[in-house]
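Novice: I have a structure here, written as structure tokens, and I will follow up with some questions on it.
Number of protein chains: 2
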Amino acid sequence: METMGDVDQTCGMSLAIDVVGGKWKMHLMWVLAEGPVRFGQIRRKLDGVSEKVLAENLRQLEASGVVHRELYAEVPPRVEYSLTPLGESLSVALKPLEDWGEEHREVLSSRR
Amino acid sequence: METMGDVDQTCGMSLAIDVVGGKWKMHLMWVLAEGPVRFGQIRRKLDGVSEKVLAENLRQLEASGVVHRELYAEVPPRVEYSLTPLGESLSVALKPLEDWGEEHREVLSSRR
DNA sequence: GGGGTTGCTTACGTCGAGGTGAGAAATACG
DNA sequence: CGTATTTCTCACCTCGACGTAAGCAACCCC
């Protein structure tokens with residue numbers, strides 16, 4: 024599979040998909056939008072993610088500049104994830120999509 | 024891999040991702056948003072899609088109720104794809120994401 | 001008859017995102 | 001000492017989305 028980025032460099036949608044594409048990243052943004060969360064909390068909220076993939080995706084979102092990772096020097100370790108300003112703006116842009124799903128829930132789930 | 028649908032049934036985002044998840048569907052919506060298009064036209068616009076996958080994805084979008092397929096009994100065959108009202112509302116919900124990518128193009132492409 | 005056009009479908013192969021299970025560091029506590 | 005807690009990382013494997021190449025149906029034109 025090609026990376027998602029080589030479709031149309033001039034299209035804003037491609038840039039966005041590069042950031043939140045994949046199975047979990049949009050959900051992740053959605054969880055983070057509610058405020059800073061710890062790794063374990065996210066895990067419990069997103070039923071089904073493996074720790075490996077969760078860590079991976081968080082790093083990628085961090086690399087994209089939408090997520091901030093704060094490690095506290097405690098034992099056992101505490102790591103808090105939160106949205107950067109860029110991330111906040113992304114979650115705002117994601118909201119209409121969530122709303123759309125919500126509004127058409129019945130039609131959509133009947134068509135599965 | 025699980026299907027995308029089993030993450031959180033109560034979340035509108037999951038429903039939306041079920042519809043436009045994957046490599047091409049969002050791009051597809053974006054192309055269709057400009058008006059009815061023929062199969063071949065879409066192919067040429069989306070650089071890199073194989074005919075197989077394009078046909079597949081169009082059928083899935085049709086099954087989701089966001090795309091309408093109109094076959095004209097001509098030779099050679101002409102098939103036009105367009106958005107249903109539901110599809111229109113989805114493309115509206117997708118717009119902020121496109122805008123977001125557009126607005127932050129520089130930051131995003133530098134971070135690749 | 002042979003070539004062109006359009007929109008697929010089918011068979012086959014690849015590749016990487018994602019899942020699983022184990023382990024690891026560092027400390028506190030009984 | 002053994003156990004628990006938390007956040008990962010590593011090795012390994014699966015599986016399905018996607019790509020490639022070919023063929024097909026139907027008609028037109030030369």
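Just so you know, the protein sequences line up as chains E and Z, in that order. Heads up, the final residue of the first sequence is numbered 135 in our numbering, and it's a clean run with no missing numbers. Heads up, the final residue of the second sequence is numbered 135 in our numbering, and it's a clean run with no missing numbers. Glycine included, C-beta positions come from ideal geometry on N, C-alpha and C.
#1: Name, please, each residue of chain E whose Cβ falls closer than 9 angstroms to the Cβ of GLY124 (chain Z).
#2: Quick one: list the residues of chain E neighbouring GLY88 (chain Z), beta-carbon separation under 7 angstroms, in chain order.
#3: For a test of the three-state rule: what should DSSP assign to LEU69 (chain Z), helix, strand or coil?
#4: Taking a contact to mean a Cβ-Cβ separation below 7 angstroms, would you say HIS91 (chain Z) touches LEU69 (chain Z) in this structure?
#5: The ligand PLP heavy atoms versus the CB of VAL76 (chain Z): any closer than 6 angstroms?
#6: Beta carbons nearer than 9 angstroms to chain E: which residues of the region 93-118 of chain Z have them?
#7: Check whether the region 63-80 of chain E and the region 77-92 of chain Z are in contact - that is, three or more C-beta pairs closer than 8 angstroms.
#8: Pull out every residue of the region 54-74 of chain Z whose Cβ sits closer than 8 angstroms to any Cβ of chain E, in chain order.
#9: Please work out which residues of its chain come closer than 6 angstroms, Cβ to Cβ, to ILE65 (chain E), disregarding the five sequence neighbours upstream and downstream, and give them in chain order.
#10: I'd like to confirm the pairing. Which residues does DSSP put opposite VAL90 (chain Z) in its beta bridges?
#11: Do you know offhand how far GLY110 (chain Z)'s Cα is from VAL42 (chain Z)'s?
#12: Shorter than 7 angstroms from the beta carbon of GLU121 (chain Z) to some beta carbon of chain E?
#13: Taking contact to mean at least 3 C-beta pairs separated by less than 8 angstroms, is the region 34-48 of chain E in contact with the region 119-127 of chain Z?
#14: For SER105 (chain Z), collect the residues of the same chain with a Cβ closer than 6 angstroms to its Cβ; drop the 5 residues on either side in sequence, then sort them by chain order.
#15: Using CA coordinates, which residue listed in E:ALA116, E:PHE62, E:PRO99, E:GLU103 is at the minimum distance from GLU126 (chain Z)?
#16: So, for ASP29 (chain E): in the same chain, excluding its five sequence neighbours on each side, which residues have a beta-carbon less than 8 angstroms away from its beta-carbon?
#17: Can you give me the C-alpha to C-alpha distance between PRO99 (chain E) and ARG67 (chain E), rounded to a whole angstrom?
Specialist: A quick look at the data gives this:
#1: Within the second sequence, the letter at position 101 stands for residue 124 (chain Z). Neighbours of GLY124 (chain Z) on chain E, chain order: CYS34, GLY35, MET36, SER37, LEU38, ALA39, ILE40, ASP41, VAL42, ALA116.
#2: Along the second sequence, read from residue 1 onward, the residue named residue 88 (chain Z) stands at position 65. Ordered by position in chain E, the residues that pass the 7 angstroms Cβ test against GLY88 (chain Z) are VAL130, ARG134.
#3: For the purposes of this step, residue 69 (chain Z) is taken as the residue at position 46 of the second sequence. The answer is coil: DSSP assigns LEU69 (chain Z) none of H, G, I, E or B.
#4: In the second sequence, residue 91 (chain Z) corresponds to position 68, counting from 1. In the second sequence, residue 69 (chain Z) corresponds to position 46, counting from 1. Not a contact, by the Cβ cut-off of 7 angstroms.
#5: As far as ligands go, the structure on display features none, and thus does not contain the ligand PLP.
#6: LEU109, SER112, LEU113, VAL115, ALA116, LEU117, LYS118
#7: no
#8: LEU69, ASP70, GLY71
#9: The residue labelled residue 65 (chain E) in the question sits at position 42 within the first sequence. Correct list, in chain order: VAL54.
#10: Position 67 of the second sequence holds residue 90 (chain Z). Per DSSP, Z:LEU106.
#11: Indexing the second sequence from 1 puts residue 110 (chain Z) at position 87. Indexing the second sequence from 1 puts residue 42 (chain Z) at position 19. Each residue's alpha carbon lies about 10 angstroms from the other.
#12: Here the question's residue 121 (chain Z) lines up with position 98 in the second sequence. Yes, GLU121 (chain Z) lies at the interface with chain E (some Cβ there is under 7 angstroms from its Cβ).
#13: yes
#14: What you label residue 105 (chain Z) is simply residue 82 of the second sequence in a count that begins at 1. PRO59, HIS91, listed in sequence order.
#15: Mapped onto the second sequence, residue 126 (chain Z) falls at position 103. Closest by alpha carbon: E:ALA116.
#16: Within the first sequence, the letter at position 6 stands for residue 29 (chain E). Note that ASP29 (chain E) has pLDDT 42, beneath the 50 cutoff, so the model's placement of it is unreliable and the number below is only indicative. Nothing meets the Cβ criterion.
#17: As a working mapping, residue 99 (chain E) is identified with position 76 in the first sequence. As a working mapping, residue 67 (chain E) is identified with position 44 in the first sequence. So the two alpha carbons sit approximately 18 angstroms from each other.
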